[in-house]
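Colleague: Encoded as structure tokens, here's the structure I'll be asking about.
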Amino acid sequence: MKRACVSVTNDLATDQRVLKVCNFLTRLGYSVTMVGVKRPKSLSIDHFTFKTFRFRMIFQKGFMFYAEYNLKLFFFLLFRRCNLYVSNDLDTLLPNFLVSRTKFTPLVYDSHEYFLGSTEIVERPFVRSFWHTIEKMIFPRLKNVITVNHSIADLYEKEYGKRPEVVRNLPRRYRCNPRITRRELGLPPDKKIILMQGGAINLDRGAEELIHAMKPAYGLENVELYFIGGGDVWEKIKELVKLLHLERTVHFLPKMPYKKMMEYTCLSDLGVSLDKPVSMNYKYSLPNKLFDYLAAGVPVLASPLVEVKNVVEGYDVGMCIENHEPAHLAEKIKEMLSDEERYNKWKKNALAISEQLCWENEEKVLAGIYGKFV
141 MKRACVSVTN
151 DLATDQRVLK
161 VCNFLTRLGY
171 SVTMVGVKRP
181 KSLSIDHFTF
191 KTFRFRMIFQ
201 KGFMFYAEYN
211 LKLFFFLLFR
221 RCNLYVSNDL
231 DTLLPNFLVS
241 RTKFTPLVYD
251 SHEYFLGSTE
261 IVERPFVRSF
271 WHTIEKMIFP
281 RLKNVITVNH
291 SIADLYEKEY
301 GKRPEVVRNL
311 PRRYRCNPRI
321 TRRELGLPPD
331 KKIILMQGGA
341 INLDRGAEEL
351 IHAMKPAYGL
361 ENVELYFIGG
371 GDVWEKIKEL
381 VKLLHLERTV
391 HFLPKMPYKK
401 MMEYTCLSDL
411 GVSLDKPVSM
421 NYKYSLPNKL
431 FDYLAAGVPV
441 LASPLVEVKN
451 VVEGYDVGMC
461 IENHEPAHLA
471 EKIKEMLSDE
481 ERYNKWKKNA
491 LAISEQLCWE
501 NEEKVLAGIY
511 GKFV
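If you use my numbering, the sequence shown corresponds to residues 141 to 514, in order.
Okay, structure coming up:
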């Protein structure tokens, strides 16, 4: 049986795109080994049906984390027999490229974002220059490149003259379980629920403004806000809720397995995605949660990022905001929840388009890429 080594710098537990790719490769007949890192609060992955390996790291962030990870990954790949390497994002590309060249083994590069435009490095010239050097050195030599949307594919094509294949990060077709009730999940049965979910609720994703919009002065009555996931500002926004005395109306749920998270999504009234265009990466992003909301038939309130606006307004599944002012967010939420006719139309459209915007259709593109290696 052929072996595939799939590497990421996260803890494997909640990376739905990588999990779906691994399951796809398994169905193609590969024995898959998924490589990531072990974090202090990492969820269990014992239920995975393929092999996994998580490095225990001395360094948890910054340059030393990436140096340690890349060194460990290089030797891990070098001394294991693999027939296919799958590198996820620029921070895993160098060791995958070096080992694939050394062993004359195929490599697929899956860029989940425009890495050089990410908020974390865009204002750190030395760090950005380091990663840019690696990308410039390797990207033109790659034969198999995938990315998550056409805007990012355009950026890569403009810079390197090589256009990646586009495989959007869509969920599998999903059916909400009508037998699961709000009471079972501890959700209020008589309130409207606003949901922001995601494992990377970081700076400039609109969480702070959304919390401020819940202040009594803005008049969101019988509405409660739920966050599911984690991120760089997770603890800060918890403190903000305490500071504003909003503990009764703003709630936090930790990262959880995808199927469990979707139970909450299905019982929500409005899904929110409020990323700000503060960097190239955010400007051209297409967040996973957007499609999770649609799969659950939940109308969306979103910031007008290029790809997001195309979905929200193109398929008429919700509304886009004009700015991130709390008063404006509150008014948009009230508008969406009070217009029953439009709300029902958005909900109907979301369920209908989710039949098309699903992973099963994206796998057809994957089959063309990975099928040639089988």
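Backbone N, C-alpha and C define an ideal beta-carbon position, used for all residues, glycine too. These figures come from a predicted structure and were not determined experimentally.
Secondary structure at residue 450, three-state DSSP: helix, strand or coil?
Modeller: Residue state, collapsed to three classes: helix.
Colleague: If we call anything under 7 Å between Cβ atoms a contact, is residue 254 one with residue 433?
Modeller: no
Colleague: Over what stretch of residues does the alpha helix (DSSP H) that includes residue 159 continue unbroken?
Modeller: 156-167
Colleague: Would DSSP call residue 458 helix, strand or coil?
Modeller: strand
Colleague: Expressed to the nearest angstrom, what Euclidean distance is found between the alpha-carbon atoms of residue 490 and residue 334?
Modeller: 16 Å
Colleague: Determine the burial state of residue 308: buried for a count of at least 16 other Cβ atoms within 10 Å of its Cβ, exposed for fewer.
Modeller: Buried, by the Cβ-count rule.
Colleague: Near residue 303, what residues of its chain come up, given a Cβ to Cβ distance below 6 Å and the 5 sequence neighbours on each side ignored?
Modeller: 293 and 297
Colleague: Let's see if you can read the secondary structure: which residues bound the alpha helix (DSSP H) around residue 413?
Modeller: Careful: residue 413 lies outside any alpha helix (DSSP H), inside the beta strand (DSSP E) at 410-413.
Colleague: In angstroms, rounded to a whole number, what distance separates the CA positions of residue 497 and residue 331?
Modeller: Rounded to whole angstroms, residue 497 and residue 331 show a C-alpha spacing of 29 Å.
Colleague: For a test of the three-state rule: what should DSSP assign to residue 392, helix, strand or coil?
Modeller: strand
Colleague: Might you give, ordered along the chain, the residues of its own chain that have their beta carbon closer than 6 Å to the beta carbon of residue 542, omitting 5 neighbours on each side?
Modeller: The structure shown does not extend to residue 542, since the chain is modelled only from 141 to 514, so the question has no answer here.
Colleague: Ignore the nearest five residues each way along the sequence and tell me which others in residue 418's own chain have a CB closer than 7 Å to its CB.
Modeller: 259 and 344
Colleague: List, from N- to C-terminal side, the alpha helix (DSSP H) runs of 4 residues or more that fit wholly inside the segment 353-392.
Modeller: 374-383
Colleague: Under a Cβ-count criterion, where at least 16 other Cβ atoms within 10 Å of its own Cβ denotes burial, should residue 479 be classed as buried or exposed?
Modeller: exposed
Colleague: Give the range of the beta strand (DSSP E) segment to which residue 148 is assigned.
Modeller: First-last for residue 148: undefined, no H or E at that position.
Colleague: If you run the structure through DSSP and keep just helix, strand and coil, what is residue 512?
Modeller: helix
Colleague: Just to confirm before moving on: does the CB-CB distance between residue 486 and residue 427 stay below 7 Å?
Modeller: no
Colleague: Give me, in chain order, the residues of the same chain whose beta-carbon lies closer than 7 Å to that of residue 354; leave out the 5 immediate sequence neighbours on both sides.
Modeller: 360, 365, 386, 389 and 390
Colleague: Rounding to the nearest angstrom, what Cα-Cα distance links residue 467 and residue 306 in this structure?
Modeller: 37 Å
Colleague: Rounded to whole angstroms, what's the CA-CA distance from residue 488 to residue 437? Just pull it up for me.
Modeller: Per the coordinates, the alpha-carbon of residue 488 lies some 7 Å from the alpha-carbon of residue 437.
Colleague: Hey, out of 154, 284 and 234, whose CA is closest to residue 273's CA?
Modeller: Of the candidates 154, 284 and 234, 234 places its Cα closest to the Cα of residue 273.
Colleague: Between which residues of its own chain and residue 452 is the CB-CB distance below 6 Å, once the five residues before and five after are set aside?
Modeller: 440, 442, 458 and 460
Colleague: Looking at the strands, I want to know which residues DSSP matches up with residue 289.
Modeller: DSSP, once it has assigned bridges, lists no residue as partnering residue 289.
Colleague: Please work out which residues of its chain come closer than 7 Å, Cβ to Cβ, to residue 469, disregarding the five sequence neighbours upstream and downstream, and give them in chain order.
Modeller: 349, 350, 353 and 461
Colleague: Which of the three DSSP states is assigned to residue 497 in this structure?
Modeller: coil
Colleague: When the distance is taken between beta carbons, is residue 190 closer than 7 Å to residue 154?
Modeller: No, Cβ-Cβ distance for residue 154 and residue 190 is not below 7 Å.
Colleague: What does the alpha-carbon distance come out to for the pair residue 275 and residue 420?
Modeller: 16 Å
Colleague: Which stretch, first to last residue, makes up the alpha helix (DSSP H) that contains residue 473?
Modeller: 466-478
Colleague: DSSP beta-bridge partners for residue 174?
Modeller: 146 and 192
Colleague: Is the number of C-beta pairs between the segment 179-190 and the segment 231-251 that are closer than 8 Å three or more?
Modeller: no
Colleague: Just the Cα atoms here: how many angstroms apart are residue 413 and residue 242?
Modeller: 43 Å
Colleague: Tell me which residues share the same chain as residue 408 and place their Cβ nearer than 6 Å to its Cβ, disregarding the 5 neighbours each side in the sequence.
Modeller: 333, 335 and 438
Colleague: Which residue from 481, 399, 287 and 482 puts its Cα closest to that of residue 315?
Modeller: Comparing Cα-Cα distances from residue 315 to each of 481, 399, 287 and 482, the minimum goes to 399.
Colleague: Indicate the three-state DSSP secondary structure (helix, strand or coil) for residue 314 in the structure shown.
Modeller: Residue 314 carries a coil assignment under DSSP once its states are collapsed to helix, strand and coil.
Colleague: If you follow the alpha helix (DSSP H) that residue 243 is part of, which residue opens it and which one closes it?
Modeller: 233-243
Colleague: Can you list, in chain order, the residues of its chain with a C-beta nearer than 7 Å to that of residue 261? Leave out the 5 residues immediately preceding and following it.
Modeller: 267, 268 and 271
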